[in-house]
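Before any comments, here is the structure.
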Amino acid sequence: MSTTTRRRSSAALLATTLAVGVGVALAAPAATAAPAHVDNPFVGATWYVNESWAASVEGAASRAGGELGEKMMAVADEPTFVWMDRISAIAGNADGPGLRAHLDAALEQQQGSTPIVFGLVIYDLPGRDCYALASNGELPATAAGLARYKSEYIDPIAEMLAEPQYEGIRFTAVIEPDSLPNMVTNMSDQKCATAAPFYRDGITYALDELHAIPNVYTYVDAAHSGWLGWDSNLGPAVQEFASVARGTRAGFASIDGFVTNTANSTPLEEPFLPDPTLNVGGNPVRSSSYYEWNSYFDEADFTAAFKQRLVAAGFPSTVGMIVDTSRNGWGGEDRPTAVSTSTNLNTYVNESRVDRRTHRGAWCNPLGAGIGERPTASPAAHPHLDAYVWVKPPGESDGSSTEIPNDEGKGFDRMCDPTYSASKLGGAMTGATPDAPVSGKWFEAQFRTLVANAYPPIGGGTTPPPVDTQAPTTPGRPTVSAITATGATLTWAASSDNVAVTGYTVRDASGAAIATATGTTVALTGLTPSTAYSVTVVARDAAGNVSSASPAATFTTSAGQGGDTQAPSAPGTPSASVVTATSATISWPAATDNVGVTGYTVQTSTGTPLATSTTTSATLTGLTADTSYTVRVVARDAAGNVSVPSASVTFRTAGGGTDPGGACEAALTVPNAWPGGYQANVTITASEAITGWSTTLTLPSGSAINNLWSGVNVGTTGSVTVTNAAWNGTLGAGASTSFGFVGVGTPPAAGSLDCTAG
Ligand code: BGC
């Protein structure tokens, strides 16, 4: 059975369970009516399964094998939230496919007209994670950072969620973990005080943009009982939330609910400590060292009290509460099975509590925690909750246990170092799991303990698939740009693989690693002037398999002039004019440089030179009629330093006349493949205004299209012609659209396809 089929049937099962569990009949909405904004979006819906996360789980299961591997397989189909943790997560990066790929996969998983819940996390505020270091972000706490948050992060996400084809998806958006709680308790920290106005403005903007979309449900992050549970914190927190709500366009209505315990491990229930006022040895249990007079020991009690306070402060009584239960199950051998009989208060508490952490503030990769309750809508045990959800995907790190350089702005927080006794924990050891990677990265050792210590325990699953031994395909020969006396930029064509490609290593002629990258480009630094280099690239996959080396790229660093190593700025975006059947004139705005720009090279999008010029235009000759070209320009300075490439221009030579309605190009990519199946996307780009398009793809023998969206296909095997859907045929010059499909068998080759316009 293919992976996709299995996931679909499990989603169907979930829908049935939910419908039966809460007695809701699933009436199919009329196809054209916009879906209503319901009170509890989790009810009467199936939930999206993130196949990238599921692939990591299946890989871990294969490697673990045995009973542990089977338990891992039993959770591989659970729905987890998708974190938009930086701008590049929208388009897709080394950590996962982009948002659109997820949304199209959600449409594919959707069962008929039953809505599907898609959980996403909005997490890129300027000055992010102000009271810690492990999840510091890419945007600074400045007006410029806030402007980028709005225009490059919130706007594109909101625009995509609002697209009509996604109307049947219920988006449950967790808003900015830890941010407003930091405004309540950590304002004495300089970084939090600086970030405060940007947090409030950014969250207000996010709520305004997201609430305007009827099928989006916003859940603002409200920390957890071990943070906001004291009355002296809870009161001000409710005031902070109410004040932010009042500042939005829709007021209280722009917040559908609150999520607690995001990425934390505070238990849902402390079964042996139900009464915080119970006297032991003459004092209430809440006065014990562990609880420090906090009256809320668990998330069930905390959310109930918190909801009452919110309603008293003006929130509607429908305000929804959800709890992240992905890592708050405390099972395994150390879980107490009965209340303590000790008469010493601290011994009584320590022997009775299921939370095994050294301190309730220990948030980083806590060793011994397990997976908690599985995602469930309207859990019967806690009627005040909308759902148990898995916001933090189990197995993803909270932070590195030693300093690891990265390009995401992530810092090293000693709360993640197991050898550290933290003043924030009253001097207790952190209890963090050793050898952790940077936050958000797959951390298999932690996943193993989370599964082994799950509570409720995980029942048996299916046998794990065999260990993956297939290496990624060889990366393309790197192209070299921006060569200076001491550096150069390499860019190469991505590798593909049956499991995720996790990164690349650049090697020198002796085979030594000189740089690593998670994406397909890297800037080499520290090179020697006037030296010839020969470099290759290898790819690595999630299972640790390494590809063979790419063909070598050779280049010579410049001599430098008077020590100058500064490359010119990139030339401006080029334009094409006087395009004939065999030639075209390319012009561009000039580059600038400290020692003077001496010339330009027009090159293809992979760096092959086509023409050089000492002015800001060049004529390309010897072109092929009726062919599309994409070119860019680099600048060179007097010292031999070369700039990064300009943006590209695409033009089509005249002649041929095969597509009277205009011109387009089609390119196929395979963002996801699994044993027996794959997902492919095709992007159509118009080089002049068109009113329709069609393209033909050739599927390998045994391959068949299962489900195709955003286009109309004739045939499902062999040669398949796809034409535009009713709504995406008209494209302006330079605009693009895409369609996608899921197929069985071997994916078709990535690359360009023919495209006919009109
Ligand atoms: C990290 C994010 C990541 C998320 C989910 C956070 O701690 O900062 O980069 O996406 O966890 O794993």
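Under mature numbering (1 follows the signal peptide of the UniProt record, and there is no 0), read the sequence shown as residues -27 to -1, 1 to 731, first letter to last. Ideal Cβ placement from N, Cα and C applies to all residues, glycine included. None of the values given here were measured: they were computed from a predicted structure.
DSSP bridge partner residues for residue i (one or two, in chain order)
i, result
"glutamine 576", "Pro582, Arg605"
"tryptophan 682", "Gly713"
"threonine 478", "Thr489, Val511"
"phenylalanine 144", "Phe91, Val189"
"threonine 19", "Ile89"
"isoleucine 663", "Leu704"
"valine 519", "Arg513"
"glutamate 369", "Trp415"
"glutamate 638", "Thr658"
"phenylalanine 624", "Tyr602"
"aspartate 610", "Val570"
"tryptophan 647", "Gly650"
Chain-order list of residues whose beta-carbon lies under 8 angstroms from that of residue i (same chain, five-residue window excluded)
i, result
"glutamine 576", "Pro582, Leu583, Val604, Arg605, Val606, Val607, Pro618"
"serine 507", "Asp481, Ala482, Ala525, Ala526, Thr527"
"leucine 726", "Ala639, Ala640, Leu641, Val655, Thr668, Thr669, Leu670"
"lysine 414", "Asp68, Glu369, Ser370"
"asparagine 206", "Val157, Thr158, Trp200"
Same chain, Cβ closer than 6 angstroms to residue i, five either side skipped, listed in chain order
i, result
"alanine 3", "With a pLDDT of only 41 at alanine 3, under the threshold of 50, the placement of this residue in the model should not be trusted; the figure read from the coordinates follows. Counting only Cβ-Cβ distances below 6 angstroms, and skipping sequence neighbours, we find nothing."
"aspartate 390", "Ser374"
"asparagine 247", "Here the sequence assigns proline to residue 247, which means asparagine is not the residue at that position. Same-chain partners within the cutoff: there are none."
"serine 468", "Pro445, Thr446, Pro448, Val474, Ala512, Ser520"
"histidine 10", "Pro187"
"threonine 703", "Thr664"
Rounded C-alpha distance that separates residue i from residue j
i, j, result
"isoleucine 559", "tyrosine 602", "11 angstroms"
"threonine 158", "isoleucine 89", "36 angstroms"
"glycine 580", "alanine 466", "12 angstroms"
"glutamate 369", "valine 30", "11 angstroms"
"serine 299", "valine 364", "7 angstroms"
"glycine 535", "alanine 78", "55 angstroms"
"proline 430", "alanine 47", "11 angstroms"
"glutamate 149", "alanine 285", "24 angstroms"
"alanine 236", "serine 660", "46 angstroms"
"asparagine 23", "alanine 525", "36 angstroms"
"alanine 277", "leucine 681", "45 angstroms"
"residue 739", "glutamate 242", "Since the first and last residues shown for the chain are -27 and 731, residue 739 lies out of range."
"cysteine 165", "glutamine 82", "41 angstroms"
"phenylalanine 171", "alanine 117", "10 angstroms"
"glycine 731", "asparagine 697", "10 angstroms"
"aspartate 102", "threonine 671", "48 angstroms"
"threonine 493", "valine 474", "11 angstroms"
"aspartate 566", "threonine 585", "18 angstroms"
"valine 16", "aspartate 229", "14 angstroms"
"residue 781", "tyrosine 139", "Since the first residue shown for the chain is -27 and the last is 731, residue 781 is missing from the structure and cannot be characterised."
"threonine 403", "threonine 589", "59 angstroms"
"glycine 254", "serine 108", "42 angstroms"
"valine 715", "alanine 74", "11 angstroms"
"glutamine 60", "threonine 320", "Checking the sequence shown, residue 60 turns out to be isoleucine, not glutamine. About 48 angstroms."
"threonine 177", "arginine 121", "15 angstroms"
Contact belief for residue i with residue j at Cβ below 8 angstroms, rounded distance in angstroms
i, j, result
"alanine 699", "asparagine 614", "Not a contact, Cβ separation roughly 51 angstroms."
"glycine 287", "phenylalanine 231", "The pair is not a contact, with the Cβ atoms about 14 angstroms apart (cut-off 8 angstroms)."
"glycine 572", "arginine 609", "5 angstroms"
"valine 296", "arginine 308", "At roughly 19 angstroms, the Cβ-Cβ gap does not stay under 8 angstroms, so valine 296 and arginine 308 are not in contact."
"proline 240", "tryptophan 303", "6 angstroms"
"asparagine 471", "tryptophan 200", "That belief does not hold up - the Cβ atoms of asparagine 471 and tryptophan 200 are roughly 42 angstroms apart, past 8 angstroms."
"alanine 598", "alanine 627", "7 angstroms"
"glycine 100", "alanine 168", "3 angstroms"
"glycine 32", "aspartate 408", "Between aspartate 408 and glycine 32 the Cβ distance is about 18 angstroms, and since that is not below 8 angstroms, they are no contact."
"alanine 620", "threonine 546", "4 angstroms"
"alanine 146", "isoleucine 95", "6 angstroms"
"alanine 360", "proline 378", "Rounded, the Cβ-Cβ distance is 38 angstroms, inconsistent with contact."
"alanine 67", "threonine 452", "Not a contact, Cβ separation roughly 19 angstroms."
"threonine 331", "alanine 401", "4 angstroms"
CB contact below 8 angstroms: residue i versus chain C
i, result
"leucine 463", "No chain C is part of this structure, which consists of one protein chain only."
Contact set for residue i: own chain, Cβ-Cβ below 7 angstroms, skip 5 residues either direction
i, result
"alanine 455", "Ala461, Thr462, Ala540, Val615, Ser616, Val617"
"phenylalanine 144", "Phe91, Leu93, Leu134, Asn188, Val189, Tyr190"
"tyrosine 428", "Gly302, Trp303, Gly304, Arg308, Gly343, Gly345"
"proline 70", "Ser25, Pro644, Asn645"
"glycine 38", "Pro437"
Any non-hydrogen atom of the ligand NAD within 7 angstroms of residue i CB
i, result
"alanine 554", "Ligands present in the displayed structure are limited to the ligand BGC, and the ligand NAD is not among them."
*So which residues touch the region around the ligand BGC, with touch meaning a C-beta under 5 angstroms from any heavy atom?*
Trp56, Asp58, Ser108, Glu369, Ser412, Gly413
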